[in-house]
Amino acid sequence: MLYLGLPLLMPSLWLGYRQIQGYLNQPQAMLVLGGAPEREDFAAVFARQHPELPIWVSGGSNPEYTEGTFADAGIERHRLHIDRAAVDTVTNFTTIVDQLQANGIDSVYLITSDYHMRRARVIGEIVFGSRGITLKPVVVPSHRDTEPMQKSVRDGVRAILWLLTGHTGASFSHQVEATIEGQSSP
Numbered sequence: 004m005l006y007l008g009l010p011l012l013m014p015s016l017w018l019g020y021r022q023i024q025g026y027l028n029q030p031q032a033m034l035v036l037g038g039a040p041e042r043e044d045f046a047a048v049f050a051r052q053h054p055e056l057p058i059w060v061s062g063g064s065n066p067e068y069t070e071g072t073f074a075d076a077g078i079e080r081h082r083l084h085i086d087r088a089a090v091d092t093v094t095n096f097t098t099i100v101d102q103l104q105a106n107g108i109d110s111v112y113l114i115t116s117d118y119h120m121r122r123a124r125v126i127g128e129i130v131f132g133s134r135g136i137t138l139k140p141v142v143v144p145s146h147r148d149t150e151p152m153q154k155s156v157r158d159g160v161r162a163i164l165w166l167l168t169g170h171t172g173a174s175f176s177h178q179v180e181a182t183i184e185g186q187s188s189p
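Heads up: the sequence shown runs through residues 4 to 189, numbered per this note's numbering.
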C-alpha cells in the first residue's frame with residue numbers, strides 16, 4: 004500500500020521543498036512577463052523599491068514603451084534586460100533561463116497579472132526549477148478572472164517537453180491554431 008502512495012508523495016514533497024526554498028532565498032533579480040502594459044508599469048514602481056536588482060522583461064510591449072516606462076520611474080537603463088524572443092508564456096521562461104543561470108541568479112521575483120500567475124508559476128517551477136532557480140510571486144492586480152486550469156496543465160506539459168527535448172511545442176501550437184482558423188474561414 005505504501006508503494007501506491009509514493010508517486011503522490013514525491014511530487015508533494017518536491018513542491019513543498021520548492022515553496023520553502025522560495026521563501027528563504029532572497030531574490031536576486033526581477034522577471035516581468037509581457038502580455039499586458041500594466042505589468043511593466045507595476046514593475047517599474049516595484050523596481051524603485053529594489054534598486055539593487057536587475058530587471059528582465061520577457062516579451063511585452065515595444066522596446067520604446069518598456070524603456071520609457073522604466074526611465075520615467077527613474078530606473079537606470081543598465082538594470083534593464085529586454086528579451087523579445089518569447090512568443091508565449093512557456094517561452095518567457097525557456098528563452099531567458101540560461102541568461103539568468105549564466106549571471107548566477109538563483110532566485111527571482113516573478114511579476115505577472117493575478118489571472119496569469121498560476122500558469123506562470125507552473126511553467127516557472129518546471130523550467131527554472133530544473134536549473135535551481137526559485138520564484139517569489141509578485142501579483143499585478145487586474146479585474147479579470149483566473150485563467151482556466153487547462154491552460155496551466157497544457158503549458159506545464161509543454162514545459163516538461165522542453166526539459167526532455169529542448170523544444171517547447173510553440174511552433175506546433177501555432178500551426179494547430181492556424182489550421183483551426185483556416186478551417187473555420189469560408
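Built from N, CA and C at the ideal position, the CB exists for glycine as well. Given the structure is predicted, the values throughout are model-derived calculations rather than measurements.
Start and end of the alpha helix (DSSP H) containing residue i?
i    : result
L164 : 152 to 168
G127 : 120 to 130
Hey, quick one: how far does the beta strand (DSSP E) through residue i stretch, first residue to last?
i   : result
A32 : 32 to 36
T94 : Taken as a continuous stretch (DSSP letters only), T94 belongs to no beta strand (DSSP E), being part of the alpha helix (DSSP H) at 92 to 97.
Measuring alpha carbon to alpha carbon, tell me which residue in the options is nearest residue i.
i    : options                : result
A32  : R157, V142, I114, G71  : I114
L167 : S133, R82, P66         : S133
F49  : H119, E128, T72, I163  : T72
F131 : G63, A162, T171        : A162
I126 : R51, W59, M152, R147   : M152
L83  : D101, E70, E128        : E70
D75  : L103, G159, L164, F45  : F45
H118 : P57, E67, A173, K154   : Reading off the sequence shown, one finds Tyr at residue 118, where the question assumed His. Of the listed residues, the one whose Cα sits closest to Y118 is K154.
A105 : G135, I129, P144       : G135
E41  : S145, G172, V156, G169 : S145
I129 : R147, M120, A88, W165  : W165
E79  : R87, E67, P57, V100    : P57
Does residue i come out as helix, strand or coil in the three-state DSSP assignment?
i    : result
P144 : coil
P189 : For P189, the pLDDT reaches just 46, beneath the cut-off of 50, and the residue's location in the model is therefore unreliable, although a value from the coordinates is still provided. Of the three classes helix, strand and coil, the one that applies to P189 here is coil, per DSSP.
Runs of alpha helix (DSSP H) wholly within the segment 45 to 115 (minimum 4 residues, chain order): 66 to 75, 92 to 97, 100 to 105
The segment 136 to 147 touching the segment 107 to 124, judged by at least three CB pairs closer than 8 Å: yes
Segment contact flag, the segment 33 to 42 with the segment 60 to 75, C-beta cutoff 8 Å, min 3 pairs: By the criterion of at least three beta-carbon pairs nearer than 8 Å, the segment 33 to 42 is in contact with the segment 60 to 75.
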